[in-house]
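Heads up, the sequence shown is in the UniProt record's numbering, so the first residue is 1 and it goes up one at a time.
Step one of this worksheet: look at the structure below.
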Amino acid sequence: MTSIRTNRRGSHSGPRQWFPKQPPLPRPVRVLLVAAATLLAVVLLAALVFFLTGGRWFVVQTPSMGETAPVGTLILTTPTNGQVAVGDIITFRPPSSPTEIYTHRVIQISADGAISTRGDINGATDPWQLATTDIIGHAAVVLPMAGWFVKAVPIVTIGTLLVWLVTSLFRSPTTRSALRIAGVSLVVSVAAYILRPLIGLVVLSTTADTTGADATVVSTGILPIRVQAVGGNHTDLVAGQVGTLTVPSLLDTSQYHLASALNLSLIGWIILIAVCAVPLLWTLIVGLPSDAENGAA
Numbered sequence: 001m002t003s004i005r006t007n008r009r010g011s012h013s014g015p016r017q018w019f020p021k022q023p024p025l026p027r028p029v030r031v032l033l034v035a036a037a038t039l040l041a042v043v044l045l046a047a048l049v050f051f052l053t054g055g056r057w058f059v060v061q062t063p064s065m066g067e068t069a070p071v072g073t074l075i076l077t078t079p080t081n082g083q084v085a086v087g088d089i090i091t092f093r094p095p096s097s098p099t100e101i102y103t104h105r106v107i108q109i110s111a112d113g114a115i116s117t118r119g120d121i122n123g124a125t126d127p128w129q130l131a132t133t134d135i136i137g138h139a140a141v142v143l144p145m146a147g148w149f150v151k152a153v154p155i156v157t158i159g160t161l162l163v164w165l166v167t168s169l170f171r172s173p174t175t176r177s178a179l180r181i182a183g184v185s186l187v188v189s190v191a192a193y194i195l196r197p198l199i200g201l202v203v204l205s206t207t208a209d210t211t212g213a214d215a216t217v218v219s220t221g222i223l224p225i226r227v228q229a230v231g232g233n234h235t236d237l238v239a240g241q242v243g244t245l246t247v248p249s250l251l252d253t254s255q256y257h258l259a260s261a262l263n264l265s266l267i268g269w270i271i272l273i274a275v276c277a278v279p280l281l282w283t284l285i286v287g288l289p290s291d292a293e294n295g296a297a
């Protein structure tokens, strides 16, 4: 039901506005929204065409492909049409475990056409031989780090929509914009906390004797790190890189401890700080709308 107000002369003043009138968005925001919508439309159209032509995409979950395709890499595959060569990176379902999906390199093709594969940093060949029917596709495009962004899309999208809806309840444009900037920043932080894409470390193998231990490790995060063996040496790693650490002695506790920390150059630190400061820079450069822009709403 529409509520109608009447003045003393009996004329109608029109429907009551139950929600505050929204002021027009600042021009930089409108330009950004149009650009984002256009980019999204292009990406969705390209993805549809890619899928219809047999393309598939996968996100690397384990470090077996080393620096070629570290954890968080987005793999785009295209049909092989039966054409596979040694050295190709392929995505497949092993015959012994058809519900699982692997992306490894072809290392041998036997005379009968059986295909052997192995991860670049794995010490042994995979315990199966593939037929062409097991292959999903050839890795046509390998995009390191892009998979992390794909995995973050659902979290960031849902979180941003919730922030937008909740902040729409505030009448003040200044308050509304400030809360949206803070809310979206929080959403991105939550996504980073859940996915943990920045720093990661996996111990591949350990050999130990009475004099100490050697640990082989691989970095699984986006950023370069320095891994320190407490009481031993250190190694600097980038995403997917393998390193070896030596611990001199295990006689006291029979255990060893590893510690990792960011290992950025000066330029790297500047870029990282600039990315973290994006909300602040947006506020300083673009600014917040004034409450006066709400007019007589």
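Using N, Cα and C, we set each Cβ at its ideal position, and we do this for glycine too.
Contact check for A191 and I136: beta-carbon distance about 28 angstroms, past the 8 angstroms limit, so the pair fails to qualify. Of all alpha-carbon atoms in E67, A111, A208 and A85, the one lying nearest the alpha-carbon of V242 is that of E67. Taking each of L143, R56 and I121 in turn and checking the Cα distance to I101, the smallest one comes out for R56.
DSSP places A41 within a helical segment (H, G or I) once states are collapsed to three. The criterion of a C-beta distance shorter than 8 angstroms is not satisfied by T99 and F58. Judged by pairs of C-beta atoms under 8 angstroms, the region 209-220 touches the region 60-76, as three or more such pairs exist. Contact between T38 and M65 does not hold, since the beta-carbon distance rounds to 34 angstroms and is not under 8 angstroms. The region 26-45 and the region 200-215 do not touch, with fewer than three beta-carbon pairs separated by less than 8 angstroms. By the Cβ neighbour-count rule, R105 is buried, with 16 or more other Cβ atoms within 10 Å of its own.
F92 is bridged by DSSP to Y102 and I135.
Cβ neighbours of I181 within its own chain (closer than 7 angstroms, five residues either side excluded): P279, W282 and T283.
The continuous beta strand (DSSP E) containing S219 extends over residues G212 to S219. Counting along the chain, no alpha helix (DSSP H) covers A261; the unbroken beta strand (DSSP E) around it starts and ends at L258 to L262. Around T246, the same chain offers D214, G232 and N233 as residues with beta carbons nearer than 6 angstroms, after the five sequence neighbours per side are excluded. When secondary structure is reduced to three states using DSSP, V230 falls in the coil class, being assigned neither helix nor strand. Counting along the chain, F58 sits inside the beta strand (DSSP E) bounded by residues R56 to V59. Residues G72, W148, G221 and I222 of the same chain have their beta carbon placed closer than 7 angstroms to that of P197, with the five preceding and five following residues left out of the count. Scanning D120, I121, S116 and A178 for the CA closest to the CA of W128 turns up S116. Counting along the chain, T77 sits inside the beta strand (DSSP E) bounded by residues L74 to T78. The C-alpha of G268 lies about 17 angstroms from the C-alpha of S260. The continuous beta strand (DSSP E) containing S205 extends over residues L201 to D209. Under the three-state reduction of DSSP output, L169 falls in the coil class, being neither helix nor strand. The residue among V60, T77 and G113 with its C-alpha nearest the C-alpha of F51 is T77.
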